[in-house]
Amino acid sequence: MNEIAFHVAGSTAATVPRPRSVTLAFSALVAAVGFGVAETAVHSAGQFGQSIGLGSLATGWLIRTGTYIVVLVVAWRMLRGDRWARLALALGIGILGTASLLVEPLTALVAAEGTGGLLPDATVENVLVAITRIGHICAVLIAIPAMYTPAARAWFTRERR
75 MNEIAFHVAG STAATVPRPR SVTLAFSALV AAVGFGVAET AVHSAGQFGQ
125 SIGLGSLATG WLIRTGTYIV VLVVAWRMLR GDRWARLALA LGIGILGTAS
175 LLVEPLTALV AAEGTGGLLP DATVENVLVA ITRIGHICAV LIAIPAMYTP
225 AARAWFTRER R
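The structure is reproduced here in structure tokens:
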């Protein structure tokens, strides 16, 4: 249930309930973070014991953890009705984040064009990373449009004081 509602100044209605699409967007963003954590864990497990040092793995985890915390805090603010948070998520996650998720696989696809394809070199780690990355992208592709449905747009643009 939408437990957050706002009083609309000058209206006869006491509250404006949060649209389901905003709740869906928040849930999808949490799922995207979950997929990101899973992908990081798969990468770390694959790199652990190789020539990569523990400090390098820890640094990667710290950077990603900080990023995921920021995303969750901003997503929470979006869930509470902050328009700036919706815009920050659309730009940060919808554009920059999605582009960063697509660069590596597209580069690998282009590089594999002349070598006979990607599948002969597939490892368990590559397959798990692909699954988590696809889940991550799908979650983002659910979240961003959900924040901009007509009901969500109307809810974010109402004066709620």
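Numbering (this note's numbering) for the sequence shown: 75 to 235.
Heads up, the beta-carbon is just placed ideally off N, CA and C, and yes, glycines get one too.
Measure the CB-CB distance between residue 159 and residue 177 and report whether it falls below 9 Å.
no
Distance check for residue 93 and residue 99, CA to CA, integer angstroms please.
10 Å
Do you know how far the Cα of residue 157 is from the Cα of residue 199?
39 Å
Figure out for me which residue from 228, 120, 222, 130 has the closest Cα to the Cα of residue 168.
222
Could you work out which residue in 180, 205, 172 is closest to residue 216 when comparing CA atoms only?
172
Hey, residue 213 and residue 102 are a contact pair by Cβ (cut 8 Å); roughly how many whole angstroms apart?
5 Å
For residue 91, does the three-state DSSP call read helix, strand or coil?
strand
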